[in-house]
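*Asks:*
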Amino acid sequence: MYRAEGVMLSFNGGKDSTAVLHKLARFFRKDHNLKHLKILALFITHPDGFSEIDEFIDNCSKLYNIELIKMEGTIKQALERMCRERPLIRAVFMGSRQPDPHCQDLKLMQPNDPGWPALMRINPILEWTRRDIWQYISSYMTTMMIIAYYIKKASPRLATRRTLNLILIYK
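With full-length UniProt numbering applied, the sequence shown covers 1 to 171.
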């Protein structure tokens, strides 16, 4: 449906978009036609952003062999700019889930809303629950990076000394 050169990932470093990145990276590595390609990922910077997130994003760029594009502005502005600079882009992978705000009516694949860049939104984890995300993270803990904040704050049951050490191993 879409060539690898025609897709990108909207990546913010959160647990959901990191899970999508991890799934994409696994898919690319398994396919002999794709394993030499980098995943194009868009990270929208914020002037009041956290240095830990910036560091995490940069480390993900190395671990997952992604071509990281950092842009300022709103997501709409960044997507418009990406479409101008990369006219082959036709689809964007998102880490959206139905429980997220404004995501209740999304579909697994759907075009952007009118007035937005003409891209297909691909939401591979749309129907995942919070539990599904944590099960995925737990299953791939040794090969997946995630910001330690999520483990400590969002799911204290996973915040054992062992898991925190595995998460911080990328440093």
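A virtual CB, placed ideally from N, CA and C, is assigned to each residue, including glycine.
Please list the terminal residues of the continuous alpha helix (DSSP H) segment that includes S61.
*Replies:* Element bounds for S61: 51 to 63.
*Asks:* What residue does the alpha helix (DSSP H) around M71 start on, and which one ends it?
*Replies:* Per DSSP, M71 belongs to no alpha helix (DSSP H); it is in the beta strand (DSSP E), 66 to 71.
*Asks:* Using the Cβ count rule (16 or more neighbours within 10 Å means buried), how would you classify T160?
*Replies:* The predicted position of T160 is uncertain, since its pLDDT is 43 and thus under 50; a value taken from the coordinates is nonetheless stated next. Exposed, since its Cβ has fewer than 16 Cβ neighbours within 10 Å.
*Asks:* Below 8 Å on the Cβ atoms is my guess for I44 versus A78; work out the distance and round it to an integer in Å.
*Replies:* So it is a contact: roughly 5 Å between Cβ atoms.
*Asks:* Name the DSSP beta bridge partners of R121, please?
*Replies:* Partner(s): V92, Q110.
*Asks:* C60 and M145 - do their beta-carbons sit closer together than 8 Å?
*Replies:* Yes, they are a contact pair.
*Asks:* Return the CA-CA distance between R26 and H36, expressed in angstroms with no decimal places.
*Replies:* Each residue's alpha carbon lies about 12 Å from the other.
*Asks:* Among all the DSSP beta bridges, which residues are the ones paired with F43?
*Replies:* DSSP output for F43 lists K70 as bridge partner(s).
*Asks:* Take F93 and list the residues in its own chain whose beta-carbon comes closer than 6 Å to its own, dropping the five residues that flank it on each side.
*Replies:* Hits under 6 Å: L9, V20, I122.
*Asks:* Taking the alpha helix (DSSP H) that S24 falls in, what are its first and last residues?
*Replies:* Note on residue identity: the sequence assigns Leu, not Ser, to residue 24. Start and end: 15 to 30.
*Asks:* Is the beta carbon of E5 sitting closer than 8 Å to the one on L88?
*Replies:* Cβ distance < 8 Å, so E5 and L88 count as in contact.
*Asks:* Have a look at P124 and Q135 and give me their C-alpha separation to the nearest angstrom.
*Replies:* Approximately 16 Å between the Cα atoms of the pair.
*Asks:* Please identify the residue among F11, L63, M109, T18 whose C-alpha is closest to the C-alpha of Y2.
*Replies:* The shortest C-alpha separation from Y2 is found at M109.
*Asks:* Quick check: what's the CA-CA separation for S155 versus S51?
*Replies:* Per-residue confidence for S155 stands at a pLDDT of 47, beneath the threshold of 50, marking its modelled position as unreliable; the derived number appears in the next sentence. Their backbone Cα atoms lie some 22 Å apart in a straight line.
*Asks:* With distances taken from CA atoms, which of R86, Q98, D54, L63 is nearest L24?
*Replies:* For L24, the nearest C-alpha among the options comes from L63.
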